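S.K.: My structure is below; once you've seen it, I'll send some questions.
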């Protein structure tokens with residue numbers, strides 16, 4: 549039983565609480581509000597249904613500072629309002645400064661900067677069953693920068709930034725990075741599952757994604773729900789990432805992006821709406837060795853799947869793609885070595901074509917599956933790049949109905965179509 553605390557939401561309880569936190573586990577009295585100017589947790593801190601209310605406008609509300617420290621079962625609140633601009637240098641709700649720290653069943657809200665931030669190269673942080681909402685800059689941020697890290701769990705949380713103005717929000721709901729721009733520093737073996745990410749509709753800043761992971765390896769992003777934002781899930785300069793069984797709706801630029809990624813895969817994601825693109829493969833140099841398997845994409849304003857600028861070794865298997873009005877189910881631009889297998893293309897009599905090869909060297913095969921009700925054709929080869937020859941475009945075993953022709957060729961400015969073009973109804 550703690551003595552000397554007010555727990556009335558009026559008087560400051562920092563000094564007394566910190567005295568108890570310094571020597572062992574602490575469990576608060578349920579249903580109380582404790583005003584503080586910042587606490588450091590070294591053992592286990594059970595909020596027990598109570599609220600830690602941070603009254604300062606700088607610093608950190610609750611910091612976990614030793615390996616194995618935990619904070620559970622309550623709320624951590626600040627004094628910031630979403631009517632004000634966010635500030636990355638402002639007070640933050642919670643911070644992790646050590647390995648193997650856990651935050652579970654905590655609501656973190658009303659801070660101008662971060663809801664939760666991991667400071668430095670920390671291993672195995674665990675954030676579970678939390679609600680992280682109404683924080684001005686970012687809900688959760690991990691950026692090791694100084695050294696490789698391994699392990700991390702971010703699961704069954706709700707990250708809600710949807711109340712922030714679309715005109716001013718400037719960062720993602722969650723960002724997990726080995727580093728911002730150093731390929732030698734990576735974070736690995738994360739499990740990101742069962743979360744809900746809510747962002748503003750049509751944010752002005754393209755950085756306002758549901759989640760961005762960068763320089764990450766061998767990790768899983770699964771069974772999450774992504775609502776609105778510029779991009780639902782952005783995977784950047786990463787490898788060995790599996791994105792599976794997620795649900796996406798209302799993203800502005802694209803629902804799912806792989807940018808400069810290698811050896812990544814998807815499985816059984818469902819995209820029901822995107823203002824622009826469903827799945828985008830892109831980057832400064834392009835993504836390679838990407839497998840898309842069993843994804844269902846519909847309700848896009850543009851292409852269901854788009855690959856751009858140097859992407860190669862792409863496999864699309866057993867997907868169902870419902871194309872947009874006058875659009876394309878798959879749009880390949882300057883992309884090489886693509887296999888499409890057992891995929892269902894649906895044009896609904898309004899989409900233009902199933903596949904566009906735009907300025908591609910060829911090396912495209914389409915086997916099995918079906919193509920129905922496209923206005924123009926199954927495949928279009930287009931190029932205006934002088935000297936580019938498109939070879940090796942084949943289609944076999946595909947059931948086609950309601951499409952006037954199999955292949956259209958539009959080449960100009962010295963481009964040409966070469967050998968092994970085998971596409972027919």
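Residue numbers (the numbering used here): 549 to 973.
All C-beta atoms in this analysis are idealised placements derived from N, C-alpha and C, irrespective of residue type, glycine included.
Remember, predicted model here, so these are calculated numbers, not experimental data.
#1: Between the Cα of residue 746 and those of 711, 732 and 763, spot the shortest distance and give me the residue it belongs to.
#2: For residue 748, count neighbouring Cβ atoms within 10 angstroms of its own Cβ and tell me buried if that reaches 16, exposed if not.
#3: Would the beta-carbon of residue 782 fall within 8 Å of that of residue 756?
#4: Given residue 684, which residues of its chain have a CB within under 8 Å of its CB, disregarding the five upstream and five downstream residues?
#5: May I ask you to report which of helix, strand or coil DSSP gives residue 860?
#6: Can you have a look at residue 557 and say buried or exposed, based on whether 16 or more other CB atoms are within 10 angstroms of its CB?
#7: Can you look up residue 568 in the DSSP assignment and give me helix, strand or coil?
#8: Is residue 898 closer than 8 Å to residue 873 when the C-beta atoms are compared?
#9: Give me the Cβ distance between residue 591 and residue 555, rounded to the nearest whole Å; I'm assuming they're in contact under 8 Å.
#10: Starting from residue 622, follow its DSSP beta bridges and name the residues at the other end.
#11: Which residues mark the beginning and the end of the beta strand (DSSP E) in which residue 746 is found?
#12: Is residue 614 helix, strand or coil when you go by DSSP?
#13: What distance in whole Å lies between the Cβ atoms of residue 726 and residue 762, which are believed to be in contact at a cut-off of 8 Å?
#14: Ignore the nearest five residues each way along the sequence and tell me which others in residue 790's own chain have a CB closer than 6 Å to its CB.
#15: In terms of residue numbering, what span does the beta strand (DSSP E) encompassing residue 642 cover?
#16: Under 8 Å, do residue 855 and residue 862 count as touching if we go by C-beta distance?
#17: Helix or strand or just coil, what does DSSP make of residue 989?
#18: Can you round the beta-carbon distance between residue 607 and residue 586 to whole angstroms, since I take them to be within the 8 Å contact cut?
#19: If you run the structure through DSSP and keep just helix, strand and coil, what is residue 754?
#20: Three-state secondary structure (DSSP) at residue 958?
#21: Using 8 Å as the threshold, is the C-beta distance between residue 752 and residue 715 below it?
#22: At what residues does the beta strand (DSSP E) containing residue 552 begin and finish?
#23: Please state whether DSSP places residue 873 in a helix, a strand or coil.
#24: Is residue 686 buried or exposed, if buried means 16 or more other CB atoms sit within 10 Å of its CB?
#25: Within this structure, are the beta carbons of residue 942 and residue 925 separated by less than 8 Å?
#26: In chain order, what residues of the same chain lie with their CB nearer than 6 Å to the CB of residue 560, ignoring the 5 residues before and after it?
#27: Mind pulling the beta strand (DSSP E) runs of 3 or more residues that sit fully within the region 886-942?
#28: Between which two residues does the beta strand (DSSP E) carrying residue 822 extend?
#29: Whole-angstrom Cβ separation of residue 735 and residue 793, contact assumed at under 8 Å?
#30: Are there 16 or more other CB atoms within 10 angstroms of the CB of residue 549, so buried, or fewer, so exposed?
#31: Enumerate in chain order the residues of its own chain whose CB-to-CB distance from residue 839 is below 6 Å, with the five nearest sequence positions on each side excluded.
#32: Can you grab the Cα-Cα spacing for the pair residue 909 / residue 836, in whole Å?
#33: Tell me which residue opens and which closes the beta strand (DSSP E) that residue 805 is part of.
#34: Please go through the same chain and pick out, in chain order, the residues whose beta-carbon is closer than 6 Å to the beta-carbon of residue 903, but skip the five residues on each side of it.
#35: Check each candidate in 799, 750, 610 and 967 and name the one with the smallest Cα separation from residue 667.
#36: Which of helix, strand or coil does DSSP assign to residue 788?
M.R.: According to the data block:
#1: Here residue 746 refers to the residue found at position 198 when the chain shown is read from its first residue. The shortest C-alpha separation from residue 746 is found at 711.
#2: Position 200 of the chain shown, counted from the start, is the residue given in the question as residue 748. With 16 or more Cβ atoms within 10 Å of its Cβ, residue 748 is classed as buried.
#3: As a working mapping, residue 782 is identified with position 234 in the chain shown. As a working mapping, residue 756 is identified with position 208 in the chain shown. Going by C-beta atoms, residue 782 is not nearer than 8 Å to residue 756.
#4: Locating residue 684 in the chain shown gives position 136, counting from the first residue. Only 628, 630, 632, 633, 634, 635, 638, 659, 660, 661 and 712 meet the Cβ criterion.
#5: Sequence index remark: in the chain shown, residue 860 carries index 312 (1-based). Of the three classes helix, strand and coil, the one that applies to residue 860 here is strand, per DSSP.
#6: As a first step, residue 557 is located in the chain shown; it is residue number 9 there, counting from the start. By the 10 Å Cβ count, residue 557 comes out exposed.
#7: Position 20 of the chain shown, counted from the first residue, corresponds to residue 568. Note: residue 568 maps to helix in three-state DSSP.
#8: Taking the first residue of the chain shown as 1, we reach residue 873 at position 325. Taking the first residue of the chain shown as 1, we reach residue 898 at position 350. Yes, the pair counts as a contact, with Cβ atoms nearer than the cut-off.
#9: Taking the chain shown and counting its residues from 1, the one referred to as residue 591 is at position 43. Taking the chain shown and counting its residues from 1, the one referred to as residue 555 is at position 7. No, residue 591 and residue 555 are not in contact; Cβ-Cβ is about 20 Å, not under 8 Å.
#10: For the purposes of this step, residue 622 is identified with residue 74 of the chain shown, where counting begins at 1. Note: residue 622 sits in a beta bridge opposite 654.
#11: For this step, residue 746 is matched to residue 198 along the chain shown. That run of the beta strand (DSSP E) goes 744-746.
#12: Along the chain shown, read from residue 1 onward, the residue named residue 614 stands at position 66. If DSSP states are grouped into helix, strand and coil, residue 614 belongs with coil.
#13: Looking up residue 762 in the chain shown gives position 214. Looking up residue 726 in the chain shown gives position 178. Sure, about 7 Å apart at Cβ, within 8 Å.
#14: Your numbering for residue 790 matches position 242 in the chain shown. Around residue 790: 768 and 813.
#15: In the chain shown, the residue the question calls residue 642 occupies position 94. 640-644 is the extent of the beta strand (DSSP E) around residue 642.
#16: Numbered from 1 along the chain shown, position 307 holds the residue referred to as residue 855. Numbered from 1 along the chain shown, position 314 holds the residue referred to as residue 862. Cβ atoms of residue 855 and residue 862: closer than 8 Å.
#17: There is simply no residue 989 to check, as the chain begins at 549 and stops at 973 in what is shown.
#18: Here residue 607 is taken as the residue at index 59 of the chain shown, counted from 1. Here residue 586 is taken as the residue at index 38 of the chain shown, counted from 1. The Cβ separation is near 5 Å, so the contact holds.
#19: Locating residue 754 in the chain shown gives position 206, counting from the first residue. Three-state DSSP puts residue 754 in coil, outside helix and strand.
#20: What you label residue 958 is simply residue 410 of the chain shown in a count that begins at 1. Of the three classes helix, strand and coil, the one that applies to residue 958 here is strand, per DSSP.
#21: Numbered from its first residue, the chain shown carries residue 752 at position 204. Numbered from its first residue, the chain shown carries residue 715 at position 167. In contact: residue 752 and residue 715 (Cβ atoms closer than 8 Å).
#22: Translated into the one-based positions of the chain shown, residue 552 becomes position 4. Taken as a continuous stretch (DSSP letters only), residue 552 belongs to no beta strand (DSSP E), as it is neither H nor E.
#23: Here residue 873 refers to the residue found at position 325 of the chain shown. Three-state DSSP puts residue 873 in coil, outside helix and strand.
#24: For this step, residue 686 is matched to residue 138 along the chain shown. Buried.
#25: Working through the chain shown from its first residue, we reach residue 942 at position 394. Working through the chain shown from its first residue, we reach residue 925 at position 377. Contact flag unset, no.
#26: Residue mapping note: residue 560 aligns to position 12 of the chain shown, counting from 1. So the qualifying residues of the chain are 583.
#27: 892-894, 901-906, 910-915, 918-920 and 925-931
#28: The residue you call residue 822 lines up with position 274 of the chain shown. First-last for residue 822: undefined, no H or E at that position.
#29: Position 187 of the chain shown, counted from the first residue, corresponds to residue 735. Position 245 of the chain shown, counted from the first residue, corresponds to residue 793. Rounded, the Cβ-Cβ distance is 22 Å, inconsistent with contact.
#30: Sequence index remark: in the chain shown, residue 549 carries index 1 (1-based). Residue 549 comes out exposed.
#31: Locating residue 839 in the chain shown gives position 291, counting from the first residue. Excluding positions up to five away in sequence, the list reads 813 and 863.
#32: Here residue 909 corresponds to residue number 361 of the chain shown, with the count starting at 1. Here residue 836 corresponds to residue number 288 of the chain shown, with the count starting at 1. So the alpha carbons of these two residues sit roughly 16 Å apart.
#33: By 1-based counting over the chain shown, the position of residue 805 is 257. Run containing residue 805: 802-807, per the beta strand (DSSP E) assignment.
#34: Within the chain shown, the letter at position 355 stands for residue 903. Cβ within range, chain order: 878 and 927.
#35: For the purposes of this step, residue 667 is identified with residue 119 of the chain shown, where counting begins at 1. The shortest C-alpha separation from residue 667 is found at 610.
#36: Taking the chain shown and counting its residues from 1, the one referred to as residue 788 is at position 240. In the structure shown, residue 788 sits in a strand (DSSP, three-state: E or B).
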